[in-house]
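*Asks:* Numbering (the UniProt record's numbering), first residue to last: 1 to 200.
Glycine is no exception: its CB is placed at the ideal position from the N, C-alpha and C atoms.
Computed from a predicted structure; not experimentally measured.
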Amino acid sequence: MKKVLEVIASARGAESFSTKLADHIVSKISEKYDGSSVIKKDIVDSKIPHLNPDILAAFFTPLENQADSIKGLDAFSNKAIKELQEADTIVIAVPFYNFGIPSVLKAYIDHVAVGGKTFKYIDGAPVGLLTGKKVYLAISSGGVYSEGDYKAYDFTEPYLRTVLGFLGMTDVTTFRIEGLNVSALKDRAVEKGLNSVVID
Ligand SMILES: Cc1cc2nc3c(=O)[nH]c(=O)nc-3n(C[C@H](O)[C@H](O)[C@H](O)COP(=O)(O)O)c2cc1C
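1) Do S140 and F99 have their CB atoms nearer than 8 Å?
2) How many Å lie between L56 and F119 at the Cα?
3) What separation, rounded to the nearest whole angstrom, lies between the Cα atoms of E143 and Y150?
4) Just the Cα atoms here: how many angstroms apart are N65 and F59?
5) With L84 as the anchor, note down where its alpha helix (DSSP H) starts and where it stops.
6) Give me the pocket residues for ligand 1, defined as CB within less than 5 Å of any heavy atom, sorted by chain position.
7) Taking DSSP as the reference, what is the three-state secondary structure of S37?
8) Looking only at DSSP bridge pairs, what is E64 linked to?
9) Does the stretch 10-24 come into contact with the stretch 167-186, if we say contact requires no fewer than three beta-carbon pairs (one atom in each stretch) closer than 8 Å?
10) For K2 versus D88, is the C-beta spacing smaller than 8 Å?
11) So what does DSSP say about S10, is it helix, strand or coil?
12) Taking F166 as the reference, which of T19, D110, Y145 has the closest Cα?
13) According to the Cβ coordinates, are K20 and V197 closer than 8 Å?
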């Protein structure tokens, strides 16, 4: 049985293909691992603030020492980190926006990549603290970026592998619904993406 955290980041609500793919991955995990639990975290409406001096100060100040002006500004971060720590399987829905990830997903990452909490340095070398986890990326895009001429323009998967690895999450598998805006591919893109899902 798995403890799954599913992170949703699409601005298209029920129409979202990255959410559809992430949901499919989660259902395959639940099928394979009976009794799995799932926390579905939609970060689009969570109003994650961009980092600023007050939030950064709160990140690195224990609650009891936080001045009133910064008290609790690390609440979103602490909850999100706890959810990651408690999960053994993380499924991230990744809409492909302007060659990268949506800003809301970047904001989420800025709140969970916190020195001393999810990574630290030992003898000058970074050590990720979110270890022993399996991550699935569910990427949805209008074009095709897994291969071909546009592969070099994919700043979603390489970036996520880098930052997740930095935090200790090195076991990452990617599934894609891609080619949604390519006339020769769009009719089969969803079926092909869903059918590609295989759970370890
Ligand atoms: C703001 C925005 C930016 C986009 N940028 C790209 C892009 O750079 N390349 C691409 O292939 N598709 C792009 N698309 C199309 C999306 O990748 C596609 O609609 C995808 O399915 C979005 O994920 P979702 O269905 O989960 O919302 C963009 C769509 C939006 C709304």
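*Replies:* On the basis of the data shown:
1) With respect to F99, S140 sits apart: the two C-beta atoms are not nearer than 8 Å.
2) Approximately 16 Å between the Cα atoms of the pair.
3) Note that residue 143 is Gly in the sequence shown here, rather than Glu. G143 and Y150: Cα-Cα distance of roughly 8 Å.
4) Whole-angstrom Cα-Cα distance: 12 Å.
5) In this chain, the alpha helix (DSSP H) harbouring L84 covers 75-86.
6) The set, ordered by position in the chain, is S10, R12, S16, F17, S18, P95, F96, Y97, N98, F99, S140, S141, G142, G143.
7) In the three-state DSSP reduction, S37 falls in the strand class (E or B).
8) In the DSSP output, where bridge partners are listed per residue, E64 has none listed.
9) Result yes; three or more Cβ-Cβ pairs closer than 8 Å.
10) In this structure, K2 sits near D88, with a CB-CB distance shorter than 8 Å.
11) Three-state result, S10: coil.
12) Considering only alpha carbons, the answer is D110.
13) The Cβ-Cβ distance between K20 and V197 does not fall below 8 Å.
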